[in-house]
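If you're matching them up, the sequences are chains G and Y in order. Per UniProt numbering, the first sequence starts with residue 1, numbered consecutively. Per UniProt numbering, the second sequence starts with residue 1, numbered consecutively. Cβ coordinates follow ideal geometry from the N, Cα and C atoms, glycine included. Each remark here refers to the structure printed beneath this line.
Protein chains: 2
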Amino acid sequence: MTDQSEDRVDKVEDLFDTLPPNKRQHLYKILYGKTPEELALDCPGRTKELASNHGFDCQAYQFRAQEESTRAPRIVRVGLIQNSIAIATTEPVEQQRNAIIDKVRPMFQAAAEAGVNIVGLQECWTMPFAFCTRERLPWSEFAEDARTGPTVQFCIQMAKKYHMVVICPILERDCVRGDVIWNTATVVNDDGTVLGIQRKNHIPRVGDFNESTYYGEGNIGHPVFHTKYGRIGVNICYGRHHPLNWLMQQLNGAEIVFNPSATITGLSEPLWAIEARNAAIANSYFTCAINRVGVEMYPNAFTSGDGKAAHRDMGMFYGSSYMAAPDGSRTPGLSRERDGLLIVALDLNLCRQVVDKWGFRMTQRLEHYAKKLTAASSPDYQPQLVKAREEGTSSSREESKQMQNGCGHDCSRVSVDCSRFH
Amino acid sequence: MTDQSEDRVDKVEDLFDTLPPNKRQHLYKILYGKTPEELALDCPGRTKELASNHGFDCQAYQFRAQEESTRAPRIVRVGLIQNSIAIATTEPVEQQRNAIIDKVRPMFQAAAEAGVNIVGLQECWTMPFAFCTRERLPWSEFAEDARTGPTVQFCIQMAKKYHMVVICPILERDCVRGDVIWNTATVVNDDGTVLGIQRKNHIPRVGDFNESTYYGEGNIGHPVFHTKYGRIGVNICYGRHHPLNWLMQQLNGAEIVFNPSATITGLSEPLWAIEARNAAIANSYFTCAINRVGVEMYPNAFTSGDGKAAHRDMGMFYGSSYMAAPDGSRTPGLSRERDGLLIVALDLNLCRQVVDKWGFRMTQRLEHYAKKLTAASSPDYQPQLVKAREEGTSSSREESKQMQNGCGHDCSRVSVDCSRFH
Chain G
1 MTDQSEDRVD KVEDLFDTLP PNKRQHLYKI LYGKTPEELA LDCPGRTKEL ASNHGFDCQA
61 YQFRAQEEST RAPRIVRVGL IQNSIAIATT EPVEQQRNAI IDKVRPMFQA AAEAGVNIVG
121 LQECWTMPFA FCTRERLPWS EFAEDARTGP TVQFCIQMAK KYHMVVICPI LERDCVRGDV
181 IWNTATVVND DGTVLGIQRK NHIPRVGDFN ESTYYGEGNI GHPVFHTKYG RIGVNICYGR
241 HHPLNWLMQQ LNGAEIVFNP SATITGLSEP LWAIEARNAA IANSYFTCAI NRVGVEMYPN
301 AFTSGDGKAA HRDMGMFYGS SYMAAPDGSR TPGLSRERDG LLIVALDLNL CRQVVDKWGF
361 RMTQRLEHYA KKLTAASSPD YQPQLVKARE EGTSSSREES KQMQNGCGHD CSRVSVDCSR
421 FH
Chain Y
1 MTDQSEDRVD KVEDLFDTLP PNKRQHLYKI LYGKTPEELA LDCPGRTKEL ASNHGFDCQA
61 YQFRAQEEST RAPRIVRVGL IQNSIAIATT EPVEQQRNAI IDKVRPMFQA AAEAGVNIVG
121 LQECWTMPFA FCTRERLPWS EFAEDARTGP TVQFCIQMAK KYHMVVICPI LERDCVRGDV
181 IWNTATVVND DGTVLGIQRK NHIPRVGDFN ESTYYGEGNI GHPVFHTKYG RIGVNICYGR
241 HHPLNWLMQQ LNGAEIVFNP SATITGLSEP LWAIEARNAA IANSYFTCAI NRVGVEMYPN
301 AFTSGDGKAA HRDMGMFYGS SYMAAPDGSR TPGLSRERDG LLIVALDLNL CRQVVDKWGF
361 RMTQRLEHYA KKLTAASSPD YQPQLVKARE EGTSSSREES KQMQNGCGHD CSRVSVDCSR
421 FH
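The following block contains the structure:
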């Protein structure tokens, strides 16, 4: 396969930008809610220079809110960092980690030059996403203590130096409690203290992502971290597919929720622009979708449960990190292929303004659904299924039986007409 | 303002289609999961002829599933109909309704020619969406009995004639129970019997959509209708903003959920492509988003709570009806301005295939969230909020107090730097 530049897409927005101005504007308004020009934010020369010198994508936007007479604007700057690994996965673990840290350090500096208050990094950002191999060693050696580990220590150093809050996703080893591994994000406060941690609440068993080989479902709940730059939640990777996970962050008061991820083309790319943005809309908060970039090669070939030959890579992590606002608008995405820093100035007041405008919380009927879900979570729940009375021998008893059989569908009644596909 | 054709967008996909073939293909793959060519379905000449003669947009697509050895494909054809009103809102109520029905009749015929099994219509499809006026008469006269009303009777006639299931959204008057008005969809089975009804579960109070002037939250729950063409749910309009509403349809076994809507540019257009599609992904079922088209003028001017002068229209309903599959792919949308019929052949087997592939149901931790929501629905729920210990006088007691005050945010700590927006 030739990978000629004309057949590659660095950003989907590059395609929008080839349209004539009036068409391009319509496209952005309809698809993204706002044009890049409406969201434009000036970026300091020093930030641009660092991006240029170190070869990472750098974009800056802003989400405004209406002026209010009793609240001042609550403007914070968020920086999202996406990165590839830095050296071969066959190198010693500590060298691999340090090489990534060294590469990302100037991105922190660039964020600081742009006045960023909160930095969010991708899932397990200082290691290859090696869970596809199903090998224990050496990958489990990347796991570290959530407060004292080397990745966290680097983020503490950055937090102190630049007075930033840092969301630092790591592979965690809980040495105090049985050496268990978790997929975790440490939240470092702007003074360098550890505010707390969040653990991945939903663990994928999808294709090469059967991460349950390494760690289980998080036991921390849905904490929201009260920082001076707003109330922050973390929803790690596969948790973005679960609306209830996002909802709990809303109910705990989040204004910004970070979604550190690792996901590849072919599997999830058409879902990527949908899910974190839907969460921003449904929950009236800002969301930050962060995905790694690049292809990671492993020393030993592995199969993927798809009948294909063993291979040494998992696929291409497509970056495309973006931020979505509670009003449904979103920023363009970062590069699909290169490291990147997305800087977004946002006014937290927009959250409550959208709560008032759209009324989703007032109308969400939480008590009603709490009862419904309690009933539905019972193993003998009877779905609310309506069947025609006159259809054959169907009776409520038969219907119950069908439900207990776990199918609930009388397949013989479904029309089968394959000839219609052509 | 001039409305020159070059400045109008009939479909957002028309903009995609102006790109060179390789760029266009990338755009569709990344944004929609599939190209129109991959989804292409031949449409019979008679259907195209009807569309051409009656001036409505007509598009046909298909969603395939993998072959299985123990289940035959379960292929059904769905038809979504979007329409404008047909004559002035000042005409007698019955004439208005009949004019719409007369206009939509050939669309049913075109659907039948294409072998459609299930037709879904837009919210309150035989009347103008007059709730913005806040006037009772004459608009409440459009309300009809959910089984014997004239709109339902027409759909029963269509169901019998063409052996179709019809989702018929109406303004309902429950004459048996106190003459109460509801926003309802009647589900007519393929033999013309009424299978049951669904009522709008979440009522908007947004801009011109304060529909609580006319009707309250539905009291039917989340029934799923077992037809021979699959298990069908209905989530009316504003209910699409509520993930729990979609979730209950999943838990009751839905394979296709219809979202009959009425929504306008300026308010919701950037959200439109996100929400029903996210629901398809999160719930592993097909979703059908159906929106009306056109601008509806009323005899009396009304204000909209936005400080602007009284006016006689609510805005432009932007159509753009589409269908999304559980794998995250979607069809292109119908016209933003014209009546339209979207025909989609789909294999219901895809639902369970996606359930197995992505595992969202296996990993959803329903029991966990049932408990969480039960706690969170209490008026004195204490959000899971983590604060720095060393910050001033903060103690758990103070934190609780803040929560009870309903804010939970110590605003004095938030940095305010307006100069950063420029």
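Assumed close pair residue i, residue j - CB separation to whole angstroms, cut-off 8 Å
| i | j | result |
| --- | --- | --- |
| R173 (chain G) | M127 (chain G) | Contact doesn't hold; Cβ gap of about 12 Å is too wide. |
| A143 (chain Y) | L171 (chain Y) | 4 Å |
| D356 (chain G) | A65 (chain G) | The Cβ separation is near 12 Å, so there is no contact. |
| E296 (chain G) | D313 (chain G) | 6 Å |
| L19 (chain Y) | A370 (chain G) | Incorrect: roughly 47 Å between the Cβ atoms, too far for contact. |
| E123 (chain Y) | C288 (chain Y) | Going by Cβ atoms, the distance from E123 (chain Y) to C288 (chain Y) rounds to 12 Å, so no, they are not a contact pair. |
| A110 (chain Y) | L50 (chain Y) | 4 Å |
| I118 (chain G) | Y229 (chain G) | 5 Å |
| R231 (chain Y) | E255 (chain Y) | 5 Å |
| G33 (chain G) | S329 (chain G) | 3 Å |
Coil, strand or helix - residue i by DSSP
| i | result |
| --- | --- |
| K48 (chain G) | helix |
| M127 (chain Y) | coil |
| V12 (chain Y) | helix |
| residue 459 (chain Y) | Lying before the first or after the last residue shown, residue 459 (chain Y) is absent from chain Y, which here runs from 1 to 422. |
| L41 (chain Y) | coil |
| I81 (chain G) | strand |
| N349 (chain G) | helix |
| P223 (chain G) | coil |
| Y162 (chain Y) | helix |
| N291 (chain G) | strand |
| R71 (chain G) | coil |
| H311 (chain Y) | strand |
| I203 (chain Y) | coil |
| F360 (chain G) | coil |
| residue 433 (chain G) | This structure leaves residue 433 (chain G) out entirely; chain G is present only between 1 and 422. |
| P169 (chain G) | strand |
| T18 (chain Y) | coil |
| I156 (chain Y) | helix |
Limits of the beta strand (DSSP E) - the one that residue i falls within
| i | result |
| --- | --- |
| N259 (chain Y) | 256-261 |
| D57 (chain G) | 57-63 |
| V386 (chain Y) | 385-387 |
| M107 (chain G) | No beta strand (DSSP E) contains M107 (chain G), which is instead part of the alpha helix (DSSP H) from 93-113. |
| A324 (chain G) | 322-324 |
| V119 (chain Y) | 118-121 |
Any C-beta of chain G under 8 Å from that of residue i
| i | result |
| --- | --- |
| S284 (chain Y) | no |
| G307 (chain Y) | no |
| T213 (chain Y) | no |
| V93 (chain Y) | no |
| R365 (chain Y) | yes |
| I203 (chain Y) | yes |
| C226 (chain Y) | The question names Cys, but residue 226 (chain Y) is His in the sequence shown. True, the Cβ-Cβ gap to chain G drops below 8 Å. |
| I281 (chain Y) | yes |
| H54 (chain Y) | no |
| E269 (chain Y) | yes |
| Y369 (chain Y) | yes |
| P223 (chain Y) | yes |
| S377 (chain Y) | yes |
| I274 (chain Y) | yes |
| D380 (chain Y) | no |
Chain Y within 8 Å of residue i, Cβ atoms only
| i | result |
| --- | --- |
| M164 (chain G) | no |
| L334 (chain G) | no |
| N22 (chain G) | yes |
| R277 (chain G) | yes |
| K161 (chain G) | no |
| K48 (chain G) | no |
| G359 (chain G) | yes |
| P243 (chain G) | yes |
| G120 (chain G) | no |
The alpha helix (DSSP H) enclosing residue i, as first and last residue numbers
| i | result |
| --- | --- |
| Q25 (chain Y) | 21-32 |
| L366 (chain Y) | 366-376 |
Inside the stretch 225-281 of chain Y only - beta strand (DSSP E) runs reaching at least 3 residues:
230-234, 256-261
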